[in-house]
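**Q**
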Amino acid sequence: MIALIASIIFGGSVVGMGTMLYQKIPALVKLPKVVEKDEKRNLILVIKNKVKEIEFIKDFSYEMFLQKTLSKIRVLTLKTDSKTSGWLQKLREKSKNKKVLDDDKYWDEVGGSTKK
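Just add 460 to the spot in the sequence shown (first one is 1) and you have the working numbering.
1) Using beta-carbon positions only, say whether residue 518 and residue 510 come within less than 8 Å of one another.
2) Indicate the three-state DSSP secondary structure (helix, strand or coil) for residue 513 in the structure shown.
3) Quick one: Cα of residue 560 to Cα of residue 554, how far?
4) Put residue 425 into one of helix, strand or coil per three-state DSSP.
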């Protein structure tokens with residue numbers, strides 16, 4: 461029973477789609493074959509050409525921009541490395557001084573206990 465109802469609904473849907481397609485075929489045939497992307501491409505080309513006419517952008521070189529940007533990043537990285545190296549050196553010196561002081565106190569404590 462359920463299969464019969466499903467078959468009827470499916471058949472009705474196929475017939476309905478077929479009639480809509482049959483009615484719309486003449487309208488589809490009359491549509492122009494030119495795609496609107498050409499107009500968009502022309503608009504993009506016009507904008508691109510207008511931008512190229514600007515004096516500042518005329519002499520713009522992507523390679524030079526990339527070179528300058530990478531140089532600035534390299535300098536920033538070197539500065540950061542130098543600063544970090546300085547902090548690390550200070551921490552090592554503090555640790556070394558603390559160890560020397562701790563060693564001196566140890567011998568003072570050991571020496572004091574033997575004298576008594």
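All C-beta atoms, glycine included, are put in the ideal place defined by N, C-alpha and C.
**A** The short version:
1) Position 58 of the sequence shown, counting from 1, holds the residue named residue 518. Position 50 of the sequence shown, counting from 1, holds the residue named residue 510. Cβ distance not < 8 Å, so residue 518 and residue 510 don't count as in contact.
2) Within the sequence shown, the letter at position 53 stands for residue 513. Reduced to three states, the DSSP call for residue 513 is coil.
3) Locating residue 560 in the sequence shown gives position 100, where the first residue counts as 1. Locating residue 554 in the sequence shown gives position 94, where the first residue counts as 1. Between residue 560 and residue 554, the C-alpha separation is close to 10 Å.
4) The question about residue 425 has no answer, for the chain in this structure spans 461 to 576.
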